[in-house]
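J.:
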Amino acid sequence: MADSFYQKSRTDLISVLRKKGISDEQVLTAVSRVPRHEFIQSSLVHRAYEDVALPIGLGQTISQPYTVAIMTQSLRVSPGMKILEIGTGSGYQAAVLKAAGCQVFSIERHLELMTKARTTLERLGMDIACRCADGTLGWSQFAPFDGIIVTAGGPLIPDPLKKQLKTGARLVIPVGDDKVQNLHVITRLADDRFSTEVIEGFKFVPLIGKEGWSA
Ligand code: SAH
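Below is the structure:
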C-alpha cells in the first residue's frame, strides 16, 4: 500500500495527540513523518494509526503513539541531540527520535526484535545505531548522552543510566510494579544532583536486566 494511503490516518492521529495534550510542534511533526504501519506486522497494519499499543511478537508491544509522544516531549528533544533508547522493540520510538533530528543509539535485549527493527530502519533510510544487550547498563562507549529514554518499566532507576547523562540532560523512565508505572523525568542538574518530575499512570512491558526485573 502506498504511503499516501496512510497520510489521512496519520493526520487524524496528530489531531488525537493534540487533544490529549501534546503541544511540542517538533514532536508532532516527527510523529507525522514516521510511517508507523512499517513497524507493525501485516495482520494488524490496518490498526497502525489507532492510538493503541499493538503486539510485535515475543510478548512485546509497539508503544501507544500518545506514550511515544509524551515521552519524546518530556525529553525536550531538539535537532543534533545524542539520545540513547533502551528497548528498541519495533524501532518506532527510535524512528520518531530520528525524525526529530536526533542522533539515536538504541538497545534491545531480544536479538530477533533488534534484527527486525534494524532491517525496518535501514529500509526507511534511517541511520540508527542498534545493539543487542542489557540496556539497564547503558552504552558507555557513546556516553554521555543529551537524553536517555527507557521504553520498558522497571522497579527502580538504573544508576548506570543516571551516570551516562550530560549535565542538564534528561532521563525519561517508567518506574513501578508489574501493574502500573509512573513516568519519571529526571534531570541531571550537576554531578550528583538530580531533579525529578512524575507523570502518573502508564503500563509498559517489563524492563528485564541487571538493574531491572529478573528474567
Ligand atoms: N520502543 C519500542 C517499544 C518496545 S516494548 C517501540 O517503539 O516499538 C519495550 C522493549 O524493551 C521490548 O522489546 C523488550 O524486549 C525491551 N527490553 C526490556 N528490557 C530490556 C533491557 N534490559 N535492555 C534492552 N531492551 C529491553
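Per the numbering used here, the very first residue in the sequence shown carries number 5; after that it's consecutive.
For glycine and all other residues, C-beta sits at the position ideal for the given N, C-alpha and C.
None of the values given here were measured: they were computed from a predicted structure.
Which runs of the alpha helix (DSSP H) fall wholly inside the region 53-133 and span at least 4 residues, in chain order?
T.: Fully enclosed alpha helix (DSSP H) runs of 4 or longer: 69-79, 96-103, 115-127.
J.: State the Cα-Cα distance for the pair His114 and Thr140, rounded to the nearest angstrom.
T.: Spanning the two alpha carbons is a distance of roughly 14 Å.
J.: Out of Thr76, Val100, Phe109, which has the shortest C-alpha to C-alpha gap to Glu89?
T.: Checked all of Thr76, Val100, Phe109; the closest Cα to Glu89 is Phe109.
J.: Nearest to Gly180 by CA position, among Val209, Leu32, Val56, is which residue?
T.: It is Val209 whose Cα lies nearest to the Cα of Gly180.
J.: Assuming contact is defined by CB atoms lying nearer than 9 Å, are Val81 and Gly105 in contact in what I supplied?
T.: Cβ atoms of Val81 and Gly105: closer than 9 Å.
J.: According to DSSP, simplified to helix, strand and coil, what is Val189?
T.: Here Val189 sits in strand by DSSP.
J.: In terms of DSSP beta bridges, what is Val176 paired with?
T.: According to DSSP, which records beta bridges pairwise, Val176 is partnered with Ile153, Val189.
J.: Looking at the secondary structure, which residues open and close the beta strand (DSSP E) in which Thr200 lies?
T.: Residues 197-206.
J.: Helix, strand or coil for Ile18? Go by DSSP, reduced to three states.
T.: If DSSP states are grouped into helix, strand and coil, Ile18 belongs with the helices.
J.: Beta-carbon within less than 6 Å of Gly216's beta-carbon, same chain only, minus the 5 sequence neighbours each way: which residues are those?
T.: Thr140, Gly158, listed in sequence order.
J.: Report all residues from its chain with a CB closer than 8 Å to the CB of Arg135; omit the five preceding and five following residues, and keep chain order.
T.: So the list reads Phe109, Ser110, Ile111, Glu112, Met118, Trp143, once near-sequence residues are dropped.
J.: Taking DSSP as the reference, what is the three-state secondary structure of Ala34?
T.: Correct three-state label for Ala34: helix.
J.: Please determine whether the Cβ atom of His41 lies at a distance below 8 Å from any heavy atom of the ligand SAH.
T.: No, the beta carbon of His41 sits no closer than 8 Å to any heavy atom of the ligand SAH.
J.: To the nearest angstrom, report how far apart Tyr10 and Pro39 are at their CA atoms.
T.: Distance between the alpha carbons of Tyr10 and Pro39 is about 8 Å.
J.: Provide the residue(s) that pair with Ile212 in DSSP beta bridges, ordered along the chain.
T.: Per DSSP, Trp217.
J.: Any beta carbon from chain C within less than 9 Å of Gly25's own beta carbon?
T.: The structure shown contains no chain C; it holds only a single protein chain.
J.: Report whether the distance from the Cβ of Gly213 to the nearest heavy atom of the ligand HEM is below 8 Å.
T.: Of the ligands this structure carries, namely the ligand SAH, none is the ligand HEM.
J.: Mind checking Arg192: buried by the 16 CB within 10 Å criterion, or exposed?
T.: The residue in question, Arg192, is buried, as its Cβ has 16 or more Cβ neighbours within 10 Å.
J.: Leaving aside the five residues before and after Asn186 along the sequence, list all residues of the same chain whose C-beta is less than 8 Å from its C-beta, in chain order.
T.: Contacts found: Pro178, Val179, Gly180, Val202, Ile203, Glu204, Gly205, Phe206.
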